[in-house]
Amino acid sequence: NAGVTQTPKFQVLKTGQSMTLQCAQDMNHEYMSWYRQDPGMGLRLIHYSVGAGITDQGEVPNGYNVSRSTTEDFPLRLLSAAPSQTSVYFCASSHRDNYGYTFGSGTRLTVV
Amino acid sequence: SQQGEEDPQALSIQEGENATMNCSYKTSINNLQWYRQNSGRGLVHLILIRSNEREKHSGRLRVTLDTSKKSSSLLITASRAADTASYFCATDGSGTYKYIFGTGTRLKVLA
Chain A
17 NAGVTQTPKF
27 QVLKTGQSMT
37 LQCAQDMNHE
47 YMSWYRQDPG
57 MGLRLIHYSV
67 GAGITDQGEV
77 PNGYNVSRST
87 TEDFPLRLLS
97 AAPSQTSVYF
107 CASSHRDNYG
117 YTFGSGTRLT
127 VV
Chain B
4 SQQGEEDPQA
14 LSIQEGENAT
24 MNCSYKTSIN
34 NLQWYRQNSG
44 RGLVHLILIR
54 SNEREKHSGR
64 LRVTLDTSKK
74 SSSLLITASR
84 AADTASYFCA
94 TDGSGTYKYI
104 FGTGTRLKVL
114 A
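Residue numbers (our numbering), protein chains in the order written: chain A, 17 to 128; chain B, 4 to 114.
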């Protein structure tokens, strides 16, 4: 039982490049979310999904796109990377909203 | 702006002592959760308390919730060096399905 798997673990991008951060869970969780964590800022919600085909914006959605075509996968796309997007990105999933989130191990992204 | 704010920002105690950290939030909620994050790792879910609950226990953890004051506290009893981590509260705005995290309390337990 793998839980929440994020790939890649580390990535360096040049300003203006695009990329997709992958997130997959094998627990049949309905809820999935993407957070970014910056030093001293805690975690900030980027986008979230309550089921396949349903996504919504969080606190800091600008510059990011998501889609949820299957229950298992919730990729995060950076459209045109900027240095301000340098951060650690966490994907998390939950069985509905009365249960705790299971977090992935994170993707450390540096934009130069 | 973040929904939850933890207090204190940092806490240093001796092994065996109790550690208390607090979380205040701004809007009504359905649930409040506490998480632990070891340095460089993902977050681990500790406990969830619903808005109609006042207290919950899990091992050495005790969480209280006061919805009238919009605050929660996490008590770790008989702390161990392994409890050294950052602790975050997360709240869902009532009627939403998104959890917003606070900035965390950094706990250091000295052996």
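We put the beta carbon where it would ideally sit given N, CA and C, even for glycine.
Of the residues the options, the one placed nearest residue i, counting alpha carbons only
{"i": "D89 (chain A)", "options": "A:P77, A:M48, A:G32", "result": "A:M48"}
{"i": "S85 (chain A)", "options": "A:Q33, A:E46, A:L125", "result": "A:E46"}
{"i": "R124 (chain A)", "options": "A:N78, A:V66, A:Y51", "result": "A:Y51"}
{"i": "D3 (chain B)", "options": "B:T67, B:S74, B:R63", "result": "No statement about residue 3 (chain B) is possible, as the shown extent of chain B runs from 4 to 114 and does not include it."}
{"i": "K29 (chain B)", "options": "B:K101, B:S89, B:Y38, B:G96", "result": "B:G96"}
{"i": "P24 (chain A)", "options": "A:A108, A:L37, A:G56", "result": "A:L37"}
{"i": "M43 (chain A)", "options": "A:R93, A:T21, A:Y80, A:G122", "result": "A:T21"}
{"i": "T87 (chain A)", "options": "A:S34, A:A40, A:M57", "result": "A:A40"}
Residue i burial status per 10 Å Cβ neighbour count (16 or more: buried)
{"i": "T118 (chain A)", "result": "buried"}
{"i": "V128 (chain A)", "result": "exposed"}
{"i": "F26 (chain A)", "result": "exposed"}
{"i": "N34 (chain B)", "result": "buried"}
{"i": "L95 (chain A)", "result": "exposed"}
{"i": "H60 (chain B)", "result": "exposed"}
{"i": "R39 (chain B)", "result": "buried"}
{"i": "S42 (chain B)", "result": "exposed"}
{"i": "T31 (chain A)", "result": "exposed"}
As assigned by DSSP and simplified to three states, the class of residue i
{"i": "Q5 (chain B)", "result": "Any reading at Q5 (chain B) must be qualified, since the residue scores a pLDDT of 49, below 50, and its modelled position is unreliable; no value is offered."}
{"i": "Q101 (chain A)", "result": "helix"}
{"i": "D86 (chain B)", "result": "helix"}
{"i": "N21 (chain B)", "result": "coil"}
{"i": "K72 (chain B)", "result": "coil"}
{"i": "L113 (chain B)", "result": "strand"}
{"i": "R124 (chain B)", "result": "This structure gives no information on residue 124 (chain B), because the portion of chain B shown stretches from 4 to 114."}
{"i": "Y102 (chain B)", "result": "strand"}
{"i": "V127 (chain A)", "result": "strand"}
For residue j and residue i, the rounded distance between their alpha carbons
{"i": "Q5 (chain B)", "j": "G74 (chain A)", "result": "No answer about Q5 (chain B) holds up, because its pLDDT of 49 lies below 50 and its placement is not dependable."}
{"i": "L113 (chain B)", "j": "Y105 (chain A)", "result": "30 Å"}
{"i": "G7 (chain B)", "j": "S103 (chain A)", "result": "21 Å"}
{"i": "C92 (chain B)", "j": "E9 (chain B)", "result": "7 Å"}
{"i": "A81 (chain B)", "j": "R60 (chain A)", "result": "31 Å"}
{"i": "R57 (chain B)", "j": "Q36 (chain B)", "result": "13 Å"}
{"i": "D72 (chain A)", "j": "S75 (chain B)", "result": "27 Å"}
{"i": "K111 (chain B)", "j": "G69 (chain A)", "result": "42 Å"}
{"i": "T106 (chain B)", "j": "L49 (chain B)", "result": "17 Å"}
Residue i Cβ short of 7 Å to the ligand COA heavy atom set
{"i": "L59 (chain A)", "result": "As presented, the structure is devoid of all ligands, the ligand COA included, so that no description of it is given."}
Uninterrupted beta strand (DSSP E) stretches inside the stretch 65–121 of chain A (no shorter than 3 residues): List check, beta strand (DSSP E) in window: 70–73, 80–82, 92–94, 103–110.
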